[in-house]
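Protein chains in written order, with numbering that gives the first Met the number 0: chain A, 0 to 224; chain B, 0 to 224.
Number of protein chains: 2
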Amino acid sequence: MAHILIVDDEVNIRTVVREYAEFEGYDVTEAENGMEAVSLCHDNDYDLIIMDVMMPRLDGYSACKEIHKTKNIPVIMLSARGEEYDKLFGFEIGVDDYVVKPFSPKELMARVKVVLKRNKTAGDANQMDRYTFEGLEVDISGREVYVDGKKASMTPKEYDLLFYLVRNKNIALSRDKLLEEVWGYDFFGDDRTVDTHIKMLRNSLGEYRKFIVTLRGMGYKFEAQ
Amino acid sequence: MAHILIVDDEVNIRTVVREYAEFEGYDVTEAENGMEAVSLCHDNDYDLIIMDVMMPRLDGYSACKEIHKTKNIPVIMLSARGEEYDKLFGFEIGVDDYVVKPFSPKELMARVKVVLKRNKTAGDANQMDRYTFEGLEVDISGREVYVDGKKASMTPKEYDLLFYLVRNKNIALSRDKLLEEVWGYDFFGDDRTVDTHIKMLRNSLGEYRKFIVTLRGMGYKFEAQ
DNA sequence: TAATTTCTTCATAAATTCATTATAGCAAAT
DNA sequence: ATTTGCTATAATGAATTTATGAAGAAATTA
Chain A
0 MAHILIVDDE VNIRTVVREY AEFEGYDVTE AENGMEAVSL CHDNDYDLII MDVMMPRLDG
60 YSACKEIHKT KNIPVIMLSA RGEEYDKLFG FEIGVDDYVV KPFSPKELMA RVKVVLKRNK
120 TAGDANQMDR YTFEGLEVDI SGREVYVDGK KASMTPKEYD LLFYLVRNKN IALSRDKLLE
180 EVWGYDFFGD DRTVDTHIKM LRNSLGEYRK FIVTLRGMGY KFEAQ
Chain B
0 MAHILIVDDE VNIRTVVREY AEFEGYDVTE AENGMEAVSL CHDNDYDLII MDVMMPRLDG
60 YSACKEIHKT KNIPVIMLSA RGEEYDKLFG FEIGVDDYVV KPFSPKELMA RVKVVLKRNK
120 TAGDANQMDR YTFEGLEVDI SGREVYVDGK KASMTPKEYD LLFYLVRNKN IALSRDKLLE
180 EVWGYDFFGD DRTVDTHIKM LRNSLGEYRK FIVTLRGMGY KFEAQ
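Spelled out as structure tokens, the structure:
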């Protein structure tokens, strides 16, 4: 069943939403503010976020933007009446729906249902994830890479490694982390294996090898945008 | 550009919405009640319907149900405050969004934008059921395949496999994914079964076998256009 | 039930890719 | 400037993966 993250600084709101959501059969996790939500999303996968706009530490919009940098999770915003400008703005940055406070939990649940259903069918087959960095195009769903418009042919490990790096762009990744995520938790080989594959990947990327940065004493990072 | 049908018995509302919609670049048609809307939808194709709930002759919900019997057009409902039961009910019968009267035209336009965008990506796949790739014709609804105009006779699994590949063309598909989607979740056989059927499918496709690409270490992909 | 078609598994050869090692090269610290 | 530790690269044998043909099992049809 779907896992929902509820982000609000008022414990009463969290509790009410949690109760209704759990009654509907969803798993629920709570966060007190945007900062906590971002951190939780970094380490976990949620299917939907219900988030207040006004919160201490990090507001709902900023948190939404931050989370969407790395993950594509639908968001329902809880906002006070009369924040129309924010509404227009919010749809732009990837908010899926708004519920105005004070809200009816029933209506909120109806909207949760709709948003989840919508994203289920969308994400199933045709969720395109395609990235462009200057002349480098990385089409993860199509498992294709173009260097200056020309298709690069790479080995499986090169694809897997590049896709993982791109998905986690601008995040430092240790060799251990890469081995665990790209090779699998059951791989107990040499650290240097990563180096070799980074080398081959760099060759495949030509001038765009520059996006793969060596973090001396640490690992690697895909640095772009 | 998108064509919008506005259904409301109050001419002032229709006019305001029309002006904002046309400013955004949409084509607009008006209807006075549900009956008229149903009749218009019977003869024309609209991309979105904005419809009031309360109308003489035929109310919004009934009209929505009636229209959805034959066409899959997204609907935004205009409703008065405090119609919560209706909201829950509406999501069930295929209403995409609600806007509460009195509404801000700006907000309405923001929601129009979201709903259209959502349905653009979703509706794309559902309509087309016949594909042509050079001399290869794939008629999914007719369950027929033509190679250079000549009907190819294939086994059930070959059809199912090809249709799934074509429906998800340019998307990398793992053997597990194919087994799950084409064979069913209750198939617990060998991975290599896919290979064998790919082989037979390729033979059936003759020169157009080229569209089925092997993704080493991963699976297969139908690559075309 | 028998005949026919289709499906799945298995074995093998060919092709590709991988992990490791050794060595050279580079960067930071002393 | 030298040392130390880390990274880049090339080479190679091992391992993995795919294509294919064949055969028995299963399902469908007559």
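Using N, Cα and C, we set each Cβ at its ideal position, and we do this for glycine too. Since the structure is predicted, the reported quantities are computational estimates derived from the model, not experimental observations.
Query                                                                                                                   : Result
Inter-residue Cα distance where the pair is Q224 of chain B and M34 of chain B                                          : 43 Å
Pairwise C-alpha distance: D128 of chain B and V74 of chain A                                                           : 33 Å
CB contact below 9 Å: I170 of chain B versus chain A                                                                    : yes
Residue interval of the alpha helix (DSSP H) (run including R154 of chain B)                                            : With the sequence shown as reference, residue 154 of chain B is identified as Thr, and Arg is not the correct amino acid for it. That residue, T154 of chain B, is in no alpha helix (DSSP H); it is neither H nor E in DSSP.
Chain A residues whose Cβ lies nearer than 8 Å to that of K220 of chain B                                               : G141, R142
Sequence-distant residues of the same chain with beta carbon closer than 8 Å to D159 of chain A, five excluded per side : V181
Distance CB(I3 of chain A)-CB(Y45 of chain A) smaller than 9 Å                                                          : yes
Residue environment, N71 of chain A, which counts as buried when at least 16 other CB atoms sit within 10 Å             : exposed
Option nearest Y207 of chain B by Cα separation, candidates B:Y145, B:S152, B:C63, B:Y19                                : B:Y145
C-beta atoms of E23 of chain A and M108 of chain A nearer than 9 Å                                                      : yes
Residue nearest to T188 of chain A in terms of C-alpha spacing, selected from A:D175, A:I197, A:M199                    : The question names Thr, yet the displayed sequence has Gly at residue 188 of chain A. With distances taken between Cα atoms, G188 of chain A lies closest to A:D175.
Coarse secondary structure for A265 of chain A, derived from DSSP in three states                                       : For residue 265 of chain A there is no data in the structure shown, the boundaries of chain A being 0 and 224.
Cβ of R191 of chain B within 9 Å of any chain A Cβ                                                                      : no
Closest Cα partner of G148 of chain A within the set A:T154, A:P155, A:L135, A:K156                                     : A:L135
7 Å CB neighbourhood of R56 of chain B in its chain, flanking five on each side removed                                 : N32, G33, M34
Rounded separation between Y97 of chain A and R110 of chain A - CA only                                                 : 9 Å
Inter-residue spacing [alpha-carbon to alpha-carbon] between V16 of chain A and L77 of chain A                          : 11 Å
Under 9 Å between C-beta atoms of C260 of chain B and V99 of chain B                                                    : Outside the displayed span of chain B (0 to 224) sits residue 260 of chain B, for which this structure offers no information.
Any chain B beta carbon closer than 9 Å to Y145 of chain A                                                              : no
CB contact check: M76 of chain B to chain A, cutoff 9 Å                                                                 : no
Closest residue to R142 of chain B among B:E157, B:E133, B:F132 (Cα-Cα distance)                                        : B:E157
Length of the line joining the Cα atoms of L204 of chain A and F132 of chain A                                          : 12 Å
Interface flag, Y207 of chain A vs chain B, CB-CB below 9 Å                                                             : no
Cβ neighbours of D138 of chain A in the same chain (closer than 6 Å, five flanking residues each side left out)         : R129
Limits of the unbroken alpha helix (DSSP H) element including G33 of chain A                                            : 33-42
Segments assigned alpha helix (DSSP H), at least 4 residues, entirely inside the segment 168-219 of chain B             : 174-177, 191-204
6 Å Cβ shell around F186 of chain A - same chain, five flanking residues per side excluded                              : L178
Against chain A: residues of the segment 26-54 of chain B by CB proximity under 7 Å                                     : none
Neighbour-count burial assignment, M217 of chain A, 16 or more Cβ in a 10 Å radius                                      : exposed
Within chain A, partners of L214 of chain B - CB distance below 9 Å                                                     : R142, P155, Y158
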